[in-house]
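Below: one structure, written as structure tokens.
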Amino acid sequence: MGRLDGKTAIVTGSGRGIGAKMAQHLAKEGANVVVTDVLDTSETVSAIVEDGGSALGLNVDVTSDSDLNSMVTATEKEFGSLNILINNASIFAALQPKPFLQIDNDEFDKVMKVNARGVHQATKAVVPAMLKAGGGKIVNIASGTFYYGPPGLSHYTASKGAVIALTRGFGRELGDKNIQVNAIAPGLTESDSIKGHAGFDPARGPTVQSRSIKREMI
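In our numbering, the protein residues as written are 1128 to 1345.
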């Protein structure tokens, strides 16, 4: 028996990287998982199904209300209800670190649109379905960058700070409706999509040195 037997979870941005791993782990705990991304979702879906889990793959742009509404409709049609949302979709790997003086408005707006507004839009889209199901859980993926402000990524850092602010607001508005909203803020994570990022190698050494690897391995 898994802890999430009978539950249905949507994980945005789960075609690869951290999102894919979260989707797979939710499935191992018994959840039906809806894998969504603007990228191909078939690899994550196949991994879940081959491991005995249940998954549905959908192409979804979290800045499109039409895509999000279709996502919820397809989820309820396939699995009957919706209980969990992981707001993971974001822009990071494609960003090239640069001083904030060199970040133009279009790039800033694009990052904020996906990373912050996307969380707002996706959450709005799923709440009616969660209310029908009697409640739910929403987990927003923020970032440890918000707490230390790495140079060259001010727009990304700002977007993840916004995610934390949204989480606090959503939690206060939805708590009495039996929908719990929380955020986690991962540090540097050696996922496939991050390994190729220009800032990964320079950051890897200091990050490792700052951690108690022995403790974390235990």
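Glycine included, C-beta positions come from ideal geometry on N, C-alpha and C.
Item: Inside the segment 1185-1243 only - beta strand (DSSP E) runs reaching at least 3 residues; Value: 1211-1214
Item: D1132 - DSSP class collapsed to helix/strand/coil; Value: coil
Item: 3 or more residues per run - each beta strand (DSSP E) lying fully within the segment 1281-1321; Value: 1306-1311
Item: CA nearest to the CA of A1382, picked from G1129, R1130, K1134 and M1128; Value: Residue numbering for the chain in the displayed model covers 1128 to 1345; residue 1382 lies beyond these limits and cannot be assessed.
Item: Cβ-Cβ distance between G1144 and A1220 below 9 Å; Value: yes
Item: Continuous beta strand (DSSP E) stretch holding T1163: start and end; Value: N1159 to D1164
Item: Check whether L1212 and V1253 have beta carbons under 9 Å apart; Value: yes
Item: One or two residues paired with T1139 in a DSSP bridge; Value: T1163
Item: As assigned by DSSP and simplified to three states, the class of G1261; Value: coil
Item: Where A1182 falls: helix, strand or coil (DSSP); Value: strand
Item: Limits of the unbroken alpha helix (DSSP H) element including E1156; Value: Per DSSP, E1156 belongs to no alpha helix (DSSP H) and is neither H nor E.
Item: Three CB pairs or more closer than 8 Å across the segment 1153-1166 and the segment 1224-1240; Value: no
Item: Own chain partners of G1279 with C-beta closer than 6 Å, once the 5 adjacent residues on each side are dropped; Value: P1224 and K1225
Item: Same chain only: Cβ atoms within 8 Å of K1322, ignoring 5 sequence neighbours per side; Value: Bear in mind that a pLDDT of 49 at K1322, under 50, signals an unreliable position, so the model cannot answer this.
Item: N1309 vs N1242 beta-carbon contact at 9 Å; Value: no
Item: Opening and closing residue of the alpha helix (DSSP H) in which T1171 lies; Value: S1169 to E1177
Item: Pairwise C-alpha distance: F1206 and M1198; Value: 12 Å
Item: Contact set for I1175: own chain, Cβ-Cβ below 8 Å, skip 5 residues either direction; Value: A1150, Q1151, A1154, V1160, V1162, S1181 and A1182
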